[in-house]
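**Student:**
Chains as they are written, first to last, in this note's numbering: chain S, 1 to 289; chain D, 1001 to 1244.
#1: For residue 1228 (chain D) and residue 1178 (chain D), I'd like the C-alpha separation in whole angstroms.
#2: May I ask which residues mark the beginning and end of the alpha helix (DSSP H) holding residue 1060 (chain D)?
#3: Please say whether residue 1232 (chain D) and residue 1218 (chain D) have beta carbons closer to each other than 9 Å?
#4: Starting from residue 57 (chain S), find everything on chain D with Cβ-Cβ shorter than 9 Å and list it in chain order.
#5: When Cβ atoms are compared, which residues of the segment 1140-1167 of chain D fall closer than 7 Å to chain S?
#6: Three or more C-beta pairs under 8 Å: does that hold for the segment 122-129 of chain S against the segment 198-207 of chain S?
#7: So which residues on chain D does residue 117 (chain S) lean against when the C-beta distance must stay under 8 Å?
#8: Determine which residues of the segment 1178-1211 of chain D have a Cβ less than 8 Å from any Cβ of chain S, and write them out in chain order.
#9: Given this structure, state the Cα-to-Cα distance separating residue 1019 (chain D) from residue 1200 (chain D), to the nearest angstrom.
#10: Output yes if chain D places a C-beta closer than 9 Å to the C-beta of residue 204 (chain S); else output no.
#11: With a threshold of 9 Å between beta carbons, is residue 1133 (chain D) in contact with chain S?
#12: Assign residue 73 (chain S) to one of two classes, buried (16 or more other C-beta atoms within 10 Å of its C-beta) or exposed (fewer than that).
#13: Starting from residue 86 (chain S), find everything on chain D with Cβ-Cβ shorter than 8 Å and list it in chain order.
#14: Run through chain D and tell me which residues come within less than 7 Å of residue 93 (chain S), C-beta to C-beta.
#15: Can you pull the chain S neighbours of residue 1122 (chain D), defined as C-beta to C-beta under 9 Å?
#16: For residue 108 (chain S) and chain D, any beta-carbon pair shorter than 9 Å?
#17: Would you grab the beta carbon distance between residue 77 (chain S) and residue 263 (chain S) for me? Rounded to a whole angstrom, and I think it's under 8 Å.
#18: Under a CB-based cut-off of 9 Å, is residue 1119 (chain D) close to chain S?
#19: Exposed or buried, residue 108 (chain S), counting other C-beta atoms within 10 Å across all chains shown (16 or more means buried)?
#20: Please report the straight-line C-alpha distance between residue 169 (chain S) and residue 211 (chain S), rounded to a whole angstrom.
#21: Kindly list the residues whose CB is nearer than 6 Å to the CB of residue 1174 (chain D), restricted to its own chain and excluding five residues on each side of it in sequence; keep chain order.
#22: According to DSSP, is residue 57 (chain S) part of a helix, a strand, or is it coil?
#23: Between residue 214 (chain S) and chain D, is there a C-beta pair that is closer than 9 Å?
#24: What is the rounded straight-line gap between the Cα of residue 254 (chain S) and the Cα of residue 191 (chain S)?
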């Protein structure tokens, strides 16, 4: 069994007074609107994992992991393929149960099916390599599906308000003009923007992204990082990005962690990437509510 | 469903399971269709979960079910003293030879399919669009997938009576392929599929009566001609659009 690693203090109050992980983004320690996770926020953390072990069958994937994501902050989690990054996201999403330890989201311990239903209302998720299949579907409709279980479900169908919310999110991610296009005709960068819009249309408090830069070229990756900065500032979300692409995630994450050998530890970044130019907070009201 | 859920191999497996069910029925002195439909339903319920549990593609399990079923069916036919020609007769069908019970069964299945799609349209759309996403949103994706498998299985079983097993794709697959070429949403695909299927079946029947050829073959020929026409029309329209 690998040794347990303590990333942050599992107590949210302790995190505000001190943090043993190395900041990887110069903005992370700057107070003010650019760093929403400031000392005045007394709410429970967005995500808190304490001593969590998990795996599949008899195979241990994560061993006694602690992780804390304060409200309004963003973290990046790196690691090789199969290291356990997606398992970490599945734990947070309540898709797999921890063998031991506890998972808390927004102060609520996730244990029962009722907890998981409650959790799904608060999380937007962009799955890894989520590309349109054989089914024709318009971009607007694909984004609208993200509101299932939040605004509509079995007997309650989507209404005008839901369609307007989908349009707003398409505008936010910069593909408002593609709403009536078939998803199968989109480029890789456009698909990823659509996937992010679909996660955001749930009006989540937390956004989880699994390998968001997969299939993207360099310019699309930079555009994606800029978009995530903008989203974070506009919507004041807590964000977790799981990626093998360190350069991308470090452009907007406050902190970085590495998954290796079943444990999670602060990432050692030899060459910190320069932060992107901050996006103005005064976005048009119709887009940045 | 067959196209979007990648069920092209599964439909063959279900067809052979129908043969096994029919063999059981004949061995027990019962009519072939009900026992064939029971076998298809059991197979549809088993295929999805077994591929999930073993994390193997449903198509691979379908191959096992297909060969296993036909082997078991022929053993049963041998035990029941059924000749090879008589057994092969189960694979043939004709819309003109359908019994009232079979007509009612097809009508009931059609009503169930329409009802399921009306009530669960968004949920089915989510499962067909992105199963992983559906699961994370809380949609019972497994139950919906298995339910669609059962409906597909029953449609396969009843289609065997309309055109015969060997020409079954004329009513199961070809209309869907044509609809996927022209539809821009699931709703449009479903409507186009129904229209193409109806034209193919009615047109084939008309052709069969006009030129005195077997109904199954004429329905298939019309369905193939329709699919080629749709593909050509789409290609021409796309070229015109590209020039503008």
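All residues carry an ideal CB built from backbone N, CA and C; glycine is no exception.
**Tutor:** Looking at the coordinates:
#1: Straight-line Cα distance between these residues: approximately 8 Å.
#2: Residue 1060 (chain D) -> alpha helix (DSSP H) spans 1058-1080.
#3: For residue 1218 (chain D) and residue 1232 (chain D), no; Cβs fall outside 9 Å.
#4: Taking a Cβ-Cβ cut-off of 9 Å, residue 57 (chain S) has no neighbours in chain D, whose nearest Cβ is about 11 Å from it.
#5: Answer in chain order: no residues at all.
#6: Touching, per the Cβ criterion.
#7: The contacting residues are 1138.
#8: Listed by position, the residues of the segment 1178-1211 of chain D near chain S (Cβ gap below 8 Å) are 1180, 1183, 1184, 1185, 1186, 1188, 1189.
#9: Rounded to whole angstroms, residue 1019 (chain D) to residue 1200 (chain D) spans 26 Å at the Cα level.
#10: No, residue 204 (chain S) lies away from the interface with chain D (no Cβ there is under 9 Å from its Cβ).
#11: Yes, contact with chain S.
#12: By the neighbour-count rule (16 or more Cβ atoms within 10 Å), residue 73 (chain S) is buried.
#13: Contact note: residue 86 (chain S) does not reach chain D at a C-beta cutoff of 8 Å; the least C-beta distance is about 11 Å.
#14: Per Cβ cutoff of 7 Å: 1136.
#15: Around residue 1122 (chain D), the beta-carbon contacts reaching into chain S at under 9 Å are 144, 145, 148, 152, 153, 154, 157, 158.
#16: Not an interface residue.
#17: 12 Å between Cβ atoms; not a contact.
#18: Interface annotation, residue 1119 (chain D): in contact with chain S, CB-CB separation under 9 Å.
#19: Looking at its Cβ environment, which holds fewer than 16 other Cβ atoms inside 10 Å, residue 108 (chain S) is exposed.
#20: Rounded to the nearest angstrom, the two C-alpha atoms are 21 Å apart.
#21: Contacts found: 1223, 1227.
#22: DSSP, read as helix, strand or coil, puts residue 57 (chain S) in coil.
#23: Chain D contact via Cβ: absent.
#24: Computed Cα separation, rounded: 26 Å.
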